[in-house]
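For the sequence shown, counting from 1, position 370 maps to 370 in UniProt numbering; every step adds exactly one.
Glycine included, every Cβ here is placed at the ideal spot set by N, Cα and C.
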Amino acid sequence: MDITTAAQRIQELEKTNRILAKQLSRSESNRQQIELQHETSATFLRQVIQELQTSQVRLEERTQTLETTLQELRLTQGKLVASEKMSALGTMVAGVAHEINNPINFVHGNLSHVNLYSQDLLHLLKLYQQEFPATSSKLAIAIEAIDLPFLEQDLKKTLQSMSSGTDRIRKIVNSLKIFARLDEAAYKYIDLHESLNSTVLMIQNRLDATEDRAAIQLVTEYRPIPQVECYASALNQVFLQLLNNAIDAINDQSIQHPIWKQIPQVRIQTNYDGATDSITITIGDNGCGIPETIRPKIFDPFFTTKPIGQGTGLGLSTSYQTIVGQHKGQLYCRSVPAHGTEFVIHLPLRQSLVISDTPHQQDNQDQQHGD
Numbered sequence: 001m002d003i004t005t006a007a008q009r010i011q012e013l014e015k016t017n018r019i020l021a022k023q024l025s026r027s028e029s030n031r032q033q034i035e036l037q038h039e040t041s042a043t044f045l046r047q048v049i050q051e052l053q054t055s056q057v058r059l060e061e062r063t064q065t066l067e068t069t070l071q072e073l074r075l076t077q078g079k080l081v082a083s084e085k086m087s088a089l090g091t092m093v094a095g096v097a098h099e100i101n102n103p104i105n106f107v108h109g110n111l112s113h114v115n116l117y118s119q120d121l122l123h124l125l126k127l128y129q130q131e132f133p134a135t136s137s138k139l140a141i142a143i144e145a146i147d148l149p150f151l152e153q154d155l156k157k158t159l160q161s162m163s164s165g166t167d168r169i170r171k172i173v174n175s176l177k178i179f180a181r182l183d184e185a186a187y188k189y190i191d192l193h194e195s196l197n198s199t200v201l202m203i204q205n206r207l208d209a210t211e212d213r214a215a216i217q218l219v220t221e222y223r224p225i226p227q228v229e230c231y232a233s234a235l236n237q238v239f240l241q242l243l244n245n246a247i248d249a250i251n252d253q254s255i256q257h258p259i260w261k262q263i264p265q266v267r268i269q270t271n272y273d274g275a276t277d278s279i280t281i282t283i284g285d286n287g288c289g290i291p292e293t294i295r296p297k298i299f300d301p302f303f304t305t306k307p308i309g310q311g312t313g314l315g316l317s318t319s320y321q322t323i324v325g326q327h328k329g330q331l332y333c334r335s336v337p338a339h340g341t342e343f344v345i346h347l348p349l350r351q352s353l354v355i356s357d358t359p360h361q362q363d364n365q366d367q368q369h370g371d
């Protein structure tokens with residue numbers, strides 16, 4: 001190879017090298033552009049993902065807020081309906097009580113006079129028989145026909161039973177008025193035992209024997225307690241709810257265990273704690289009990305184990321709000337499945353001394369209790 005050829009070869013190689021260098025430079029530039037575009041796209045994608053995640057969180061929060069609002073609206077609606085029902089019931093009770101009171105008081109008051117008059121007439125008849133023993137045969141037959149000695153005894157018993165009946169009606173009417181308490185929309189000192197007894201009277205017929213069980217035995221253990229400052233009508237509703245639940249539990253136990261041999265029993269206990277200046281009311285039963293799995297949910301709004309149409313799920317929730325929210329007290333449950341349940345209420349004696357911004361928290365205790 002001569003010098004000229006070598007020089008040409010070198011020039012060609014240099015040219016080729018320059019071309020390759022330019023191509024390499026161009027490729028590097030393209031690579032950098034691609035990397036920059038990729039980084040830009042990745043950044044944009046991360047931003048989109050972050051915005052989507054943020055939107056999802058906001059959507060979930062909004063959904064939760066709407067669900068909470070809906071639940072509160074349903075709860076408020078349920079309370080309003082219950083309040084309207086109670087108001088209507090109270091108005092009806094007041095009207096019925098007024099209409100019944102007047103005639104029953106009239107009858108009850110006159111029975112004592114009827115009793116005296118009948119005794120006077122019978123006494124007069126005896127005197128007549130003593131003074132005129134030789135009565136006509138017609139009169140003797142009439143006296144024998146009416147069985148005068150029996151009539152004298154039975155008349156007395158009849159008047160006594162009528163007096164007892166009218167007295168019971170008066171007590172029922174008075175209990176209805178106490179239960180409704182239309183005139184007690186604010187805090188007022190009341191006799192809790194009187195309220196409990198009036199509420200028991202409302203469900204007295206449910207204690208009677210049925211095809212599935214014997215009559216329910218009501219056991220009351222009332223200890224001396226002072227009067228309590230409370231919303232009387234609202235508190236009566238709580239008592240009614242807990243007593244109805246106790247009876248339902250006993251009915252369920254009787255159905256689930258047809259050979260159940262225990263005497264059905266509902267217990268009401270009251271106690272005063274001077275150290276805390278509070279009242280404790282315990283309403284218990286020896287029914288079917290509450291399974292541990294659902295016990296934490298029993299005070300949740302709209303939670304119910306009853307078939308559709310038989311329960312709103314607001315009874316215990318409203319009761320909890322009444323005790324904890326309105327009265328700054330406590331309401332909790334102790335239950336043993338197949339053995340029974342106790343609902344325990346703690347109430348401060350005076351609402352005016354309770355600090356309103358420190359309500360007690362729910363305490364679902366699972367302590368066992370004997371039946």
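Provide the residue span of the beta strand (DSSP E) that contains residue i, from first to last.
i, result
"LEU331", "330 to 336"
"VAL219", "217 to 222"
"THR341", "340 to 348"
"CYS230", "228 to 230"
Could you check how far apart the C-beta atoms of residue i and residue j are, in whole angstroms? I think they sit under 8 Å.
i, j, result
"LEU192", "ILE225", "6 Å"
"ILE281", "ALA214", "That belief does not hold up - the Cβ atoms of ILE281 and ALA214 are roughly 26 Å apart, past 8 Å."
"ILE190", "ALA232", "5 Å"
"GLN265", "VAL219", "6 Å"
"GLY287", "ALA246", "7 Å"
"ASP285", "ILE250", "6 Å"
"PHE207", "ASP277", "The question names Phe, but residue 207 in the sequence shown is Leu. The pair is not a contact, with the Cβ atoms about 33 Å apart (cut-off 8 Å)."
"ILE326", "ALA234", "The sequence shown places Gln at residue 326, rather than the Ile named in the question. Yes, they are in contact, since the Cβ atoms of GLN326 and ALA234 sit about 6 Å apart, within 8 Å."
"LEU243", "ILE298", "16 Å between Cβ atoms; not a contact."
"GLU152", "LEU122", "6 Å"
"HIS108", "ARG168", "Not confirmed; about 10 Å, so no contact."
"THR293", "ARG223", "At roughly 35 Å, the Cβ-Cβ gap does not stay under 8 Å, so THR293 and ARG223 are not in contact."
"GLU229", "SER335", "Not really, about 30 Å apart at Cβ, beyond 8 Å."
"TYR272", "ILE279", "6 Å"
"VAL341", "CYS333", "In the sequence under discussion, the amino acid at residue 341 is Thr, which differs from the Val named in the question. That belief holds up - the Cβ atoms of THR341 and CYS333 are roughly 6 Å apart, short of 8 Å."
Which residue or residues does DSSP assign as beta-bridge partners of residue i?
i, result
"GLU67", "Answer by DSSP bridge pairing: none, since GLU67 is not bridged."
"THR282", "GLN269 and VAL344"
"TYR189", "GLU229"
List the endpoints of the continuous alpha helix (DSSP H) containing residue i.
i, result
"ILE192", "As written in the sequence, residue 192 is Leu, which differs from the Ile given in the question. Looking at the DSSP string, the run of the alpha helix (DSSP H) that includes LEU192 is 192 to 202."
"THR210", "Unbroken run through THR210: none, as it is neither H nor E."
"GLY315", "315 to 320"
Under 7 Å: does the beta carbon of residue i sit that close to some heavy atom of the ligand HEM?
i, result
"ILE298", "Questions concerning the ligand HEM fall outside what the structure shown contains, since it holds no ligand whatsoever."
Of all the CB atoms in chain D, is at least one closer than 8 Å to the CB of residue i?
i, result
"THR318", "Included in the structure is just one protein chain, with no chain D present."
Complete beta strand (DSSP E) runs within the stretch 242 to 279 (minimum length 3 residues, chain order): 265 to 273
contact_flag[the stretch 148 to 156, the stretch 171 to 179] where n(CB pairs < 8 Å) is 3 or more: no
Cβ contact check for the stretch 226 to 246 and the stretch 332 to 348: 3 or more pairs under 8 Å: yes
Three-pair Cβ contact test at 8 Å for the stretch 316 to 324 versus the stretch 289 to 304: yes
Inter-stretch contact at 8 Å, needing at least 3 Cβ pairs: the stretch 122 to 142 / the stretch 164 to 171: no
Complete alpha helix (DSSP H) runs within the stretch 139 to 180 (minimum length 4 residues, chain order): 148 to 180
Those runs of the alpha helix (DSSP H) which lie wholly inside the stretch 28 to 62 and span at least 4 residues: none
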